[in-house]
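>
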Amino acid sequence: MDFRPHIDKFSRRFAELEAALSDPKAFDHPQRAQELSREYARLKELVAQGNAYQKAVQELAENRLLLLSESPESELAQLACEEVARLEAEEQRLSKRFQLGLVPPDPTDSRNTIVEIRAGAGGSESALFAADLYRMYCRYAEKQGWKLETLDSNSSDLGGFREIVFTITGTDVYKRLKYESGVHRVQRVPATEAQGRIHTSTATVAVLPEAEEVDVEIRPEDIEVSVCRASGKGGQGVNTTDSAVQIQHKPSGLIVRCADERSQIKNRASAMTVLRSRLLERKIAEENAKYAANRKQQVGTGERNEKIRTYNFPQNRVTDHRIEVTLYNLSNFIDGDIDDLIEPLIAHDMEEKLAALQA
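Dropping the structure here:
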């Protein structure tokens with residue numbers, strides 16, 4: 039593949055950005071300056087990769103010519119043969135790296151994230167599984183150095199969660215967690231099963247990039263806000279004051295409730311954040327649906343009705359059905375060591391996007 043047109047285009051744009059960012063007026067609008075800086079950093083790396091690739095291609099061509107012009111038994115030919123082998127491997131490595139750089143970055147990858155886990159089929163066992171997933175993401179967030187904060191929860195009688203909503207803040211949170219959206223299935227013997235039979239239960243996970251006010255417009259007349267007393271954990275102050283906030287977005291029918299803070303103001307702010315993120319998710323889903331219609335194949339789309347993963351406890355097995363990868367370390371995986379599936383999912387998604395660009 040000839041990358042020269044891409045490299046020339048990136049070089050021209052890189053020069054434009056360099057000139058724009060050298061102008062102090064560019065920083066009069068911080069958000070715009072931040073966007074330009076991110077694009078500048080990406081193109082700087084891409085141009086460097088492109089130049090390294092072109093250099094490897096040129097050196098490879100020179101060594102191949104030298105190999106043809108020399109006697110096969112000569113020392114120079116042997117050295118050229120070694121260089122050709124090295125440069126061929128280097129050309130393939132740099133080509134792959136540059137091609138992946140051609141895929142435009144997802145602007146939401148750097149966003150903080152809202153995660154919603156809900157019990158599905160399976161009664162009390164599904165609620166216990168939802169709690170297991172919550173602990174899994176808590177431990178993963180801790181290992182990544184991220185901060186996790188609960189927004190709302192609805193506990194079950196046996197210590198599980200019918201529903202729990204929380205935020206995770208940190209570096210590249212959405213980039214790493216967005217593939218967790220979908221239906222998670224568990225196969226195991228519940229603690230309440232007297233005869234030792236394996237049950238199958240499900241829980242749904244929704245991963246939403248935290249929306250900014252500029253992403254979606256919410257007009258005051260489009261929402262209906264109501265307050266009530268919170269219930270559950272939190273002490274006397276939570277249970278005796280009208281601190282829980284519920285917001286209904288009339289055009290979409292979405293309803294959001296936040297109750298984990300004692301302050302009604304904080305709960306309202308959290309509820310608005312969740313509402314904006316859900317509306318942004320709908321907007322992204324609509325755009326992805328249009329994009330996917332032009333693709334022959336899809337990675338997991340994260341639809342709620344899609345079974346993305348199975349956790350089989352008797353076999354200590356976890357299987358991701360989108361990329362057909364099975365790991366036999368479920369005990370570690372459920373304890374937060376989930377990168378062994380996240381990394382292949384990221385790589386597979388990049389390859390699919392690159393194939394779509396070249397189609």
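Its first residue numbered 39, the sequence shown is counted upward by one per residue in the numbering used here. Even glycine gets a Cβ: it sits at the ideal position worked out from N, Cα and C.
1. Go through the segment 185 to 262 residue by residue and report every complete run of the alpha helix (DSSP H) that reaches 4 residues or more, in order.
2. Smallest Cα separation from D195: which of Y172, G161, I206?
3. Determine the burial state of Y212: buried for a count of at least 16 other Cβ atoms within 10 Å of its Cβ, exposed for fewer.
4. Among the residues of its own chain, which have a CB less than 6 Å from the CB of V356, if the five just before and after it don't count?
5. So, are the CB atoms of Y91 and S133 less than 9 Å apart?
6. For G183, would you say it is in contact with chain B, using Cβ-to-Cβ distances shorter than 9 Å as the test?
7. Looking at C-beta atoms only, is the number of pairs between the segment 230 to 247 and the segment 146 to 157 that lie closer than 8 Å three or more?
8. Following the continuous alpha helix (DSSP H) through V153, name the residue where it begins and the one where it ends.
9. I'd like to check one pair, A64 with L74: are the Cβ atoms closer than 9 Å?
10. So, are the CB atoms of R314 and I256 less than 9 Å apart?
11. Alpha carbon to alpha carbon, how far is R376 from R347?
12. Whole angstroms is fine: what's the gap from Q137's alpha carbon to K47's?
13. From the DSSP secondary-structure annotation, give me the bridge partner or partners of N350.
14. Using only the alpha-carbon positions, how far apart do E187 and G220 sit?
15. Just to confirm the assignment, what range does the alpha helix (DSSP H) spanning V122 have?
16. What does the Cβ neighbour count give for L106, buried or exposed, with the cut at 16 atoms within 10 Å?
17. If you check the beta carbons only, do K345 and V254 fall under 9 Å apart?
18. Using the C-alpha atoms, what's the distance from G88 back to H44?
19. What is the DSSP secondary structure of T146, reduced to helix, strand or coil?
20. Can you tell me whether DSSP reads R314 as helix, strand or coil?
21. Could you tell me the distance, in whole angstroms, from the CA atom of D190 to the CA atom of L317?
22. Just checking D358 against the ligand NAD - is the residue's beta carbon closer than 8 Å to any of the ligand's heavy atoms?
23. To which residues of the same chain is F52 closer than 6 Å at the C-beta, ignoring the five residues directly before and after it?
24. Contact defined as beta carbons within less than 8 Å: I believe K185 pairs with T151. What is the distance between those atoms, to the nearest angstrom?
25. Would you say I293 and Q286 are within 9 Å of each other, going by their C-beta atoms?
26. Could you tell me which of N354, H386, H67 sits nearest to R360, measuring between CA atoms?
27. Measure the C-alpha to C-alpha separation of A282 and R200 and round it to an integer number of angstroms.
28. Going along the chain, which residues of its own chain have a beta-carbon closer than 8 Å to the beta-carbon of L392, five neighbours each way excluded?
29. Do G374 and E121 count as a contact pair if the criterion is CB distance below 9 Å?
30. Can you check DSSP and say which residues form a bridge with H287?
31. By alpha-carbon positions, which one of D66, E129, S112 ends up nearest to E97?
32. May I ask you to list the residues that DSSP assigns as paired with A282?
33. Straight-line CA distance for R226 to L379?
34. Mind checking which residues open and close the alpha helix (DSSP H) that includes D46?
35. Whole angstroms are fine: how far does the CA of S148 sit from the CA of Q69?
36. In the DSSP output, what is V363 paired with across the bridge?
A quick look at the data gives this:
1. 211 to 215
2. G161
3. buried
4. Y349, L365, L368, F371
5. yes
6. Here chain B cannot be found, since the structure has a single protein chain.
7. yes
8. Here V153 belongs to no alpha helix (DSSP H); instead the beta strand (DSSP E) covers 151 to 157.
9. yes
10. yes
11. Strictly speaking, residue 376 in this sequence is Ile, with Arg absent from that position. So the two alpha carbons sit approximately 12 Å from each other.
12. 14 Å
13. Q225, R355
14. 21 Å
15. 113 to 140
16. exposed
17. no
18. 9 Å
19. coil
20. helix
21. 18 Å
22. No copy of the ligand NAD appears in this structure; indeed no ligand is present at all.
23. L81, V85
24. That pair is no contact at about 11 Å.
25. yes
26. H386
27. 18 Å
28. Q137, L138, L140, V141
29. no
30. I261, L292
31. E129
32. C266
33. 21 Å
34. 42 to 59
35. 14 Å
36. D358
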